[in-house]
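Engineer:
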Ligand SMILES: Nc1ncnc2c1ncn2[C@@H]1O[C@H](COP(=O)(O)OP(=O)(O)O)[C@@H](O)[C@H]1O
Ligand SMILES: [Mg+2]
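Numbering (my numbering), first residue to last: 1410 to 1777.
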């Protein structure tokens, strides 16, 4: 029994010593890490320093407890210590990422003497635009297209062909690697970014609706519009279902627009883009969950509305695409065909094949 007791005592002493050594090692490594980061003068460095201070306190307290307590108590403290340490590491990594994001410099910046948004009397021109996200894999190659004032341009092509990338360049989320995009004669890069983005509206397939009233959702990007303008935007977007709700525009939406169907949410997002009344409107598949007839109605409303604007629409429905003023077919980042529905059908190429395939799908949907 004596031997067993002695063994246990020795064991405890060794454990305490190991604990101290471990703490010392952790201190040192943490200290070095902090020093290293502080040399860069980053906020992250400072946050680590704070964490370091906290850890010191925690360790000191734990060590005291361990020295006074029994072997069992120490075991517990030691495990806790490790847990806290791991937690601190996780926090440091998380904080590091957050601060890394905050410290990122935007790639797209204003020109030296940025110009206001042009009058736009002619329209938008993409001229030999090439772009890649990563150096080796080109996404857009030599894309040229003209969108005249008052025109609705349909961008068509298989998924991954670069349609979304192309329209995101209108907002200068990315700049072309080669070629340029002009509004009238003005290169997008010389327009003040804030003004450009104020004049270009975009509605996407997945839009965020806030858990506030429908009216507040619609007014969110254009707080000053009149009630009449709000209703007009809803009418064009075929979102007049709002009038049939018991509380109308005061209906409170749940988180992410719960309570509404996907199609209704999409119509609200289109209305939200329209209410801003911008010179350029982009619809990047926000009509995917509308039935073909509703989508067609939205487009025909848009054509009347867009007399002094340019509209880009990305959709897969031939019934809608055929009504566009011009169709641009993209394949692997290149424009393979461009023209009206009849012109492209007559070519008997990519667009022709696309229409046959999609029309079959539409027919199947209709029969369901
Ligand atoms: N942010 C991004 N970073 C890297 N590659 C991207 C990014 N966005 C899109 N891509 C790639 O670019 C290609 C074109 O995508 P996208 O423009 O979304 O096509 P589409 O809208 O026609 O489906 C795809 O191969 C896609 O994987
Ligand atoms: Mg897309």
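We treat Cβ as the ideally placed atom computed from N, Cα and C, and that holds for glycine. Please read all numbers here as calculations on a predicted model, not as lab measurements.
#1: Does residue 1747 get closer than 7 angstroms to chain D when you measure Cβ to Cβ?
#2: How would you call residue 1669, buried or exposed, if buried means at least 16 neighbouring beta carbons within 10 angstroms?
#3: Mark residue 1777 as exposed unless 16 or more other C-beta atoms lie within 10 angstroms of its C-beta, in which case mark it buried.
#4: When you get a sec, list the residues whose CB is within less than 5 angstroms of any heavy atom of ligand 1, chain order please.
#5: Confirm, please, whether the CB-CB distance from residue 1533 to residue 1556 is below 7 angstroms.
#6: Taking its Cβ as the centre, do 16 or more other Cβ atoms sit within 10 Å of residue 1723, making it buried, or is it exposed?
#7: Give me, in chain order, the residues of the same chain whose beta-carbon lies closer than 7 angstroms to that of residue 1542; leave out the 5 immediate sequence neighbours on both sides.
#8: What's the C-alpha gap between residue 1779 and residue 1766?
#9: Check the C-beta distance from residue 1696 over to residue 1707 and give it rounded, since I have them as a contact under 8 angstroms.
#10: Keeping to the same chain, check which residues put their C-beta closer than 8 angstroms to that of residue 1605; ignore five residues upstream and five downstream.
#11: Taking the C-alpha atoms as reference points, what is the distance between residue 1578 and residue 1550?
#12: So, are the CB atoms of residue 1409 and residue 1712 less than 7 angstroms apart?
#13: Would you be able to state if there are at least three C-beta pairs under 8 angstroms between the region 1650-1665 and the region 1616-1630?
#14: If you follow the alpha helix (DSSP H) that residue 1538 is in, where does it begin and where does it stop?
#15: On the CB-based measure, 16 or more other CB atoms within 10 Å of its CB, does residue 1537 come out buried or exposed?
#16: Could you give the distance in angstroms between the alpha-carbon of residue 1413 and the alpha-carbon of residue 1440?
Structural biologist: So, to answer that:
#1: Among the protein chains of the structure shown there is no chain D, as only one such chain exists.
#2: Position 260 of the chain shown holds residue 1669. Classification for residue 1669: buried.
#3: Taking the first residue of the chain shown as position 1, residue 1777 is located at position 368. Note that residue 1777 scores 42 on pLDDT, short of 50, meaning its location in the model is unreliable and no value can be drawn from it.
#4: Going by the Cβ distance cut-off, the answer is 1542, 1548, 1568, 1569, 1570, 1571, 1572, 1573, 1574.
#5: Counted from its first residue, the chain shown places residue 1556 at position 147. Counted from its first residue, the chain shown places residue 1533 at position 124. Taking 7 angstroms as the Cβ cut-off, residue 1556 and residue 1533 qualify as a contacting pair.
#6: Looking up residue 1723 in the chain shown gives position 314. With 16 or more Cβ atoms within 10 Å of its Cβ, residue 1723 is classed as buried.
#7: Numbered from its first residue, the chain shown carries residue 1542 at position 133. Excluding positions up to five away in sequence, the list reads 1548.
#8: A query on residue 1779 cannot be resolved here, the shown segment of the chain reaching from 1410 to 1777 and no further.
#9: In the chain shown, residue 1696 corresponds to position 287, counting from 1. In the chain shown, residue 1707 corresponds to position 298, counting from 1. Contact check for residue 1696 and residue 1707: beta-carbon distance about 6 angstroms, within the 8 angstroms limit, so the pair qualifies.
#10: As a working note, residue 1605 is residue 196 in the chain shown. 1526, 1580, 1581, 1597, listed in sequence order.
#11: For the purposes of this step, residue 1578 is identified with residue 169 of the chain shown, where counting begins at 1. For the purposes of this step, residue 1550 is identified with residue 141 of the chain shown, where counting begins at 1. Those two C-alpha atoms are separated by around 14 angstroms.
#12: Limits of the chain in this structure are 1410 at one end and 1777 at the other, which puts residue 1409 out of reach.
#13: yes
#14: Your numbering for residue 1538 matches position 129 in the chain shown. No alpha helix (DSSP H) contains residue 1538, which is instead part of the beta strand (DSSP E) from 1532-1543.
#15: If you number the chain shown from 1, residue 1537 lands on position 128. Burial call: exposed.
#16: Numbered from 1 along the chain shown, position 4 holds the residue referred to as residue 1413. Numbered from 1 along the chain shown, position 31 holds the residue referred to as residue 1440. Approximately 40 angstroms between the Cα atoms of the pair.
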